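Numbering (the numbering used here), first residue to last: 7 to 85. Here a beta-carbon is modelled for each residue, glycine too, at the ideal position from N, C-alpha and C. All figures in this text were calculated on a predicted structure; none of them were measured in a lab. These notes are about the structure you will find just below.
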């Protein structure tokens, strides 16, 4: 069986897949926190870089936003 860091599941619908209680930055950086040992500041910078790569216009601002504050397209990109 494949488990652990080699396989994952990403659900299609961002409004039901993203937690309304956590910011986009916290949710995106969670996998880095689990799988890659790095300092909090480095993890935040890497998360902002990833948000930029998928087309967030202002990744630094988006890091602290909640899913309901983003458009459907940006929620999909965050996943």
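Cβ-Cβ separation, residue j to residue i (assumed contact under 8 angstroms), whole Å
{"i": "residue 72", "j": "residue 26", "result": "6 angstroms"}
Own chain, CB closer than 6 angstroms to residue i, minus 5 neighbours either side, in chain order
{"i": "residue 30", "result": "68, 71, 84"}
Reference residue i; option with closest CA among the options
{"i": "residue 38", "options": "81, 54, 23", "result": "54"}
{"i": "residue 58", "options": "42, 80, 44", "result": "80"}
Spatial distance of residue i from residue j (CA atoms)
{"i": "residue 65", "j": "residue 52", "result": "11 angstroms"}
{"i": "residue 19", "j": "residue 78", "result": "9 angstroms"}
{"i": "residue 75", "j": "residue 24", "result": "12 angstroms"}
{"i": "residue 61", "j": "residue 82", "result": "11 angstroms"}
{"i": "residue 36", "j": "residue 56", "result": "13 angstroms"}
Proximal residues to residue i (C-beta, below 8 angstroms), its chain only, five neighbours per side dropped
{"i": "residue 44", "result": "38, 52"}
Residue i: CB within 7 angstroms of a non-hydrogen atom of the ligand SAH
{"i": "residue 41", "result": "In the structure shown, the ligand SAH is absent, as is every other ligand, since no ligand is present at all."}
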